[in-house]
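The structure under discussion appears below in the form of structure tokens.
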Amino acid sequence: MKHFTKFALAVALVLAAPAHAQTQTGFSPSVESSIQTVLPRMITWRRDFHQNPELSYEEVRTARVVAAHLRSLRLEVRTGVAQTGVVGVLRGGRPGPVIALRADMDALPVTEEGDLPFRSRARGHYNGQDVGIMHACGHDTHVAILMAAASVLAARREEIAGSIIFVFQPSEEGAPPGGLGGARRMLAENVFGDLQPEAIFGMHAWPSDSGTITMIPGPTMAGSDRIDITITGSQTHGAQPHAGIDPIVVSSQIINALQTIPSRQMDAVRSPVIVTIGMIQGGVRYNIIPQTVQMQGTIRYLNPETREDLYARIRRTINETAAASGASAEVTISENAIPTVNPPELLARARTAAIGALGENAVRNGYPVMPAEDFAYFQQAVPGVFFLRREPARGFHCRSRAEPQSALLRA
């Protein structure tokens, strides 16, 4: 958190200066003191959010806590943006640019297995199933960090040249069926109000060396779309497979065939691609070959220019593999997120700010990663930089267990 607050202050200074200026971004002892003072509250907020997670578009309690805090800082606050989103505006004491800082709020349908005193025991409903709910992807940390950053920045509003918009976004983890995800819905509902940001910044906690951030020029995170496949065969007894068409066997052939697309049909350097089938359901009894099989999966890609070619290959592979066995296939691909791409010039200015705030050794280069982020839709409306805030390496991007707090939050 300390690093993100310093980064936000430094970004405001750098963007207020000409692009060619060699801006210095040191901080006074009073600013450092403010950062240290807010850390215990931030840890308390994070643990509270972790213990009380809410699924996408259900972030009612989270939004209420966030809005109350922003109002206590005398910010202009709007609630109900994209149903449960919160927006706060801090207008500085001097003229200057407008920047936006964004955090996502929703949790995942994951049952927490850890034994921390603030572990989540929340339950809810997802896809018609009773599920555990957990902040397994770090959004509790993101919200607490941005609340703490707002505290430090609001206390110094007279020193700020310009305005800062704090965007607390719902539903980053995916759009509901037939609906919009949080970023697109906030944009459709005029998230920035009467202000037009010059730039927007977002971050994600990421396992690696504690106390560092990684800034990647160009494509940073993948585009991610959902694929739904229905294979229809002909039901028959398991003792007489020749009397029907087995959609389970066909499905297994399709899963294997799909893996030849990234490995044998796409340019592995120019167009990295992942096709993952994460769910397959078919049949109700051990000795009956079913009529249909349902599959769901995710498609990841970094190069937007190859998206349509990739999807044509996926549809062709599924349909022709099914047809070869006498089955039929229905394929639906639904957009979830486009690639997150950092514009080089803005990233260079943000990197200057980050180095000034954190020191050169704390600002790392990196490579694109294949998880997705709907922050990319904000980048379509406003130039934006998304970076990774490093924490101790304990797992993958979206963690299935909660980590101890001290190392995680002070990174």
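In terms of the numbering used here, the sequence shown opens at residue -11 and continues consecutively. Ideal placement from N, C-alpha and C gives every residue a C-beta, glycine not left out.
Spatially closest choice to residue i from the options, by CA coordinates
{"i": "R273", "options": "I265, A227 and T264", "result": "A227"}
{"i": "N244", "options": "P260, H225, M254 and T264", "result": "T264"}
{"i": "H113", "options": "L43, G167 and A136", "result": "L43"}
{"i": "A149", "options": "R377, G80, Q157 and D362", "result": "G80"}
{"i": "E318", "options": "D234, T280 and Q269", "result": "T280"}
{"i": "T309", "options": "P83, E20, N115 and T218", "result": "T218"}
{"i": "A138", "options": "S313, S22 and F375", "result": "S22"}
{"i": "F366", "options": "G169, L58, I188 and S16", "result": "I188"}
{"i": "Q24", "options": "Q247, G271, V357 and A136", "result": "A136"}
{"i": "V357", "options": "Y289, Q269 and G347", "result": "Y289"}
{"i": "Q282", "options": "D234, R258, E293 and M254", "result": "D234"}
Cβ neighbour criterion (16 or more within 10 Å) applied to residue i
{"i": "Y355", "result": "exposed"}
{"i": "V179", "result": "buried"}
{"i": "R252", "result": "exposed"}
{"i": "Q10", "result": "Below a pLDDT of 50, predicted positions are generally treated as unreliable, and Q10, at 43, falls in that range; the measurement from the model is reported next regardless. By the 10 Å Cβ count, Q10 comes out exposed."}
{"i": "H123", "result": "buried"}
{"i": "H230", "result": "exposed"}
{"i": "T320", "result": "exposed"}
{"i": "S322", "result": "exposed"}
{"i": "P377", "result": "Note that residue 377 is Arg in the sequence shown, not Pro. By the 10 Å Cβ count, R377 comes out buried."}
{"i": "G169", "result": "buried"}
{"i": "V48", "result": "exposed"}
{"i": "G372", "result": "buried"}
{"i": "Q157", "result": "buried"}
{"i": "S240", "result": "exposed"}
{"i": "S16", "result": "exposed"}
{"i": "T208", "result": "buried"}
{"i": "S18", "result": "exposed"}
Within 8 Å, strictly: CB atoms of residue i and residue j
{"i": "G285", "j": "I215", "result": "yes"}
{"i": "G232", "j": "T220", "result": "no"}
{"i": "V155", "j": "L89", "result": "yes"}
{"i": "V351", "j": "R339", "result": "yes"}
{"i": "N324", "j": "D213", "result": "yes"}
{"i": "R109", "j": "V119", "result": "no"}
{"i": "A171", "j": "D362", "result": "yes"}
{"i": "I133", "j": "M30", "result": "yes"}
{"i": "Q184", "j": "V77", "result": "no"}
{"i": "A315", "j": "V238", "result": "yes"}
{"i": "I441", "j": "I306", "result": "Absent from the model: residue 441. The displayed extent of the chain is -11 to 399, so no value can be given."}
{"i": "G271", "j": "P260", "result": "no"}
{"i": "I201", "j": "F375", "result": "yes"}
{"i": "G211", "j": "I121", "result": "no"}
Beta carbon proximity, residue i to chain B, threshold 8 Å
{"i": "P371", "result": "Given the protein chain composition of this structure (a single chain), no chain B is represented."}
beta-carbon residue i near the ligand FMN non-hydrogen atom, thresh 7 Å
{"i": "I243", "result": "In terms of ligand content, the structure shown is empty, and the ligand FMN therefore cannot be addressed."}
Would you be able to state if there are at least three C-beta pairs under 8 Å between the stretch 297 to 314 and the stretch 326 to 338? No, they do not touch.
Is it true that the stretch 93 to 109 meets the stretch 193 to 207, where meeting means three or more beta-carbon pairs spaced less than 8 Å apart? In short, these stretches do not touch, since the Cβ pair count stays below three.
Below 8 Å, can you find three or more Cβ-Cβ pairs linking the stretch 20 to 40 to the stretch 159 to 171? By the criterion of at least three beta-carbon pairs nearer than 8 Å, the stretch 20 to 40 is not in contact with the stretch 159 to 171.
Does the stretch 54 to 72 come within contact of the stretch 169 to 186, defined as at least 3 CB pairs closer than 8 Å? They touch, by the three-pair rule.
Taking contact to mean at least 3 C-beta pairs separated by less than 8 Å, is the stretch 71 to 88 in contact with the stretch 97 to 112? No contact exists between the stretch 71 to 88 and the stretch 97 to 112.
Answer yes if the stretch 124 to 134 comes into contact with the stretch 55 to 66, meaning at least three C-beta pairs across the two stretches below 8 Å, and no otherwise. Verdict: no, contact absent.
Counting only runs that start and end within the stretch 112 to 140, where is the beta strand (DSSP E) found for 3 or more residues in a row? Along the stretch 112 to 140, the beta strand (DSSP E) occurs as fully enclosed runs of 3 or more residues at 117 to 120, listed in sequence order.
Can you list the beta strand (DSSP E) stretches of 3 or more residues lying completely in the stretch 205 to 254, in chain order? Segments of the beta strand (DSSP E) lying fully in the stretch 205 to 254: 206 to 220.
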